[in-house]
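Down below is the structure, laid out as structure tokens.
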Amino acid sequence: MRVLLTGSAGFIGTAIGRVLEEAGHEVVRLDMLLPMAHGDAAEPPPGTRRLDVRDADAWGDLLEGVDAVCHQAAVVGAGVTVADLPLYASHNDLGTAALLAAMSAHDVTRLVLASSMVVYGEGRYVCATHGDRTPPPRSRTALDGGDFENHCDLCGETLTWAEVDEAARLDPRSSYAASKVAQEHYASAWARQADATAIALRYHNVYGPHMPADTPYSGVAAIFRSSLERGEAPQVFEDGGQQRDFVHVDDVARANLAALEATAERPRGGLGAYNVASGRPVTIGEVASLVARGVDGREVTPVVTGRYRIGDVRHVVASPRLAEKELGFRAGVLPEEGLPEFATVPLRT
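1 is the number of the first residue of the sequence shown in full-length UniProt numbering; add one for each residue after it.
Dropping the structure here:
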């Protein structure tokens, strides 16, 4: 299979390219180099093609002879200010629409799209008395008062988190989240109109070698890691009790290989979405402690700050079962192994 891999110089794209080639596939690399992720003087690796993803006409001969596209190029992170909205809409949404138009023009009918668990917004919550409840966004008043949990709208009791499956409603609560929902919708519309097949992989918190170092657009694991390298304790927002799932980049690459191969077998005309997660949830406080454990064996106590970001959600933990059932994907690196190891792997600066 000849695969066009966008975002190939990112740490996820690098891992995917390696896994695809090891499986015998031919990889055509293309990257979107953004200063906040790659630095101002970034140059693509040898053999990587470079273009503006927002220009449908610029894709040109890159799609000639391509069997499938693995689309990883995107602006990531929660966004720093409202001024970031055009950045996400332009690169993620217009860029995806331009790619899909070019794919249609070149009769490329198989797509794997990098999506994210942020499309769910808050996770799934259960009240001991009233069952499943959908909490509204947490208020600034509650957060300022140190109340970080979600509460039942009927009785006021603290809600318990539960796993989110792919059928959950989409409720984006940040610039990035809104752009990922839009990407999925464009891909779904393209699949119907072009009689094509699309799979969206909803990544949870991805970490691993060569991810960006300490920037506002980095993942939280890299931010903790960078603090430790400066000799500082990791700064944990809220009370550190936020539940998440952290998945290693090598597992994400394996999930992409499984999804690409599945596009050859699936019926055309629709989009399938799958959670890509380790299946082993951890709190953000535990993430900080696990990363710290990998630094020369030292025990470093994270600092719980009580600070918050208004766009963050309290708990979101996905069910990995559908990906295992339909794609045959199951994570091999669990957080208690991968996060301490992450403390000493090289990052991109």
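For every residue, glycine included, the Cβ atom is placed at its ideal position computed from N, Cα and C.
Taking C-beta separations shorter than 6 Å and ignoring five residues to either side along the sequence, the partners of residue 194 in its chain run 104, following chain order.
Counting only the Cα atoms, residue 219 lies some 34 Å from residue 192.
In this structure, the straight-line span from the alpha carbon of residue 118 to that of residue 171 is close to 8 Å. The stretch 202–212 and the stretch 275–283 touch, with three or more beta-carbon pairs separated by less than 8 Å.
If you compare the alpha carbons of 82, 88, 75 and 95 with that of residue 55, the shortest gap goes to 95. Here residue 62 is buried, its C-beta having at least 16 other C-beta atoms within 10 Å. In terms of CA proximity to residue 178, 92 leads the group 92, 187, 224 and 188. Contact between residue 7 and residue 31 holds, since their C-beta atoms are separated by about 6 Å, short of 8 Å.
Annotation for residue 88: 75, 79, 175, 176, 178 and 179 place their beta carbon closer than 8 Å to its own, counting only its chain and skipping 5 residues before and after. By DSSP's assignment, residue 274 forms a beta bridge with 201. In the structure shown, residue 26 falls within a strand segment according to DSSP collapsed to helix, strand and coil. For residue 237, the three-state secondary structure derived from DSSP is coil. Relative to the Cα of residue 308, the nearest Cα in the group 325, 237, 292 and 340 belongs to 237. Comparing alpha-carbon positions, the option among 98, 22, 15 and 110 lying closest to residue 261 turns out to be 110. Separation of residue 50 and residue 149 (C-alpha to C-alpha, rounded to the nearest whole angstrom) is 44 Å. Rounded to whole angstroms, the gap between the alpha carbons of residue 25 and residue 18 is 10 Å. Judged by beta-carbon spacing, residue 329 lies beyond the 9 Å limit of residue 208, meaning their Cβ atoms are not closer than that value.
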